[in-house]
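Trainee: Residue numbers (my numbering): -14 to 194.
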Ligand code: GRF
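(1) Who are the near neighbours of residue 76 in its chain, counting only those whose CB is closer than 6 Å to its CB and skipping five residues on each side?
(2) Would you say the segment 179 to 191 touches the segment 24 to 33, given that touching needs at least three Cβ pairs under 8 Å?
(3) In its own chain, which residues sit with a C-beta less than 6 Å from the C-beta of residue 131, not counting the 5 before and 5 after it?
(4) Out of curiosity, what's the CA-to-CA distance linking residue 60 and residue 146?
(5) In chain order, what are the residue ranges of uninterrupted alpha helix (DSSP H) at least 4 long that sit wholly in the segment 143 to 180?
(6) Identify the continuous beta strand (DSSP E) that holds residue 129 and give its terminal residues.
(7) For residue 0, which of helix, strand or coil comes out of DSSP?
(8) Which term fits residue -10, buried or exposed, when burial requires 16 or more other beta carbons within 10 angstroms of its beta carbon?
Written out as structure tokens, the structure reads:
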């Protein structure tokens, strides 16, 4: 059974998709052992509680230093003996202790087709504002392994989404979430839980089922 921890900062719709896919069996052989947020008011924590999952709020503001927060964050993850850490809208830079300790065991969902519209400053609506400003006809979402470089790790899954005339950033964000994010993240977790993913020469390889 793959022990999964999910890191969140906001509404938790990606977390909800994972919870629902475990519930309906689309994700096999995985369990969410922990949901942690830097934002104690994140609705994602409420979603976790409603699903009977341990929900922990750890805010950097609650610690005298960033280093103290990092220590608490790592202790919380390590205590749950996680096989996989999923960043689902997590807006905090990971502690340096995460790597190499959790190398190739952290994945992130990013709301664009990396390498477009990613890296420092590209998160949430800002990603979709940039896509609309550039006038791309296709955008989408990417699940990638996380390393020290923002949005820089091996790409695991991508799914394209059409940009439509009249799209606002909010409309486009919702379409990308519905058509891509909420599909890809559960799919990625299921592949990893099924032992079908490995990282080779900096590239993610999916083995036939
Ligand atoms: C979404 O915009 C997603 O693209 C990005 O962070 C946000 C998370 O939303 N990764 P939610 O908290 O999962 O609803």
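Glycine included, C-beta positions come from ideal geometry on N, C-alpha and C.
Mentor: For this structure:
(1) Counting from one through the chain shown, the residue named residue 76 turns up at place 91. Cβ within range, chain order: -6.
(2) Three or more beta-carbon pairs separated by less than 8 Å are not found between the segment 179 to 191 and the segment 24 to 33, which leaves the two stretches without contact.
(3) Along the chain shown, one-based indexing puts residue 131 at 146. Result list for residue 131: 91, 93 and 138, in chain order.
(4) Start at 1 with the first residue of the chain shown, and residue 60 comes out as number 75. Start at 1 with the first residue of the chain shown, and residue 146 comes out as number 161. In a straight line, the C-alpha of residue 60 is about 38 Å away from that of residue 146.
(5) 154 to 161 and 167 to 178
(6) As a working note, residue 129 is residue 144 in the chain shown. Run containing residue 129: 123 to 130, per the beta strand (DSSP E) assignment.
(7) What you label residue 0 is simply residue 15 of the chain shown in a count that begins at 1. The answer is helix: DSSP assigns residue 0 an H, G or I state.
(8) Indexing the chain shown from 1 puts residue -10 at position 5. Per the 10 Å Cβ criterion, buried.
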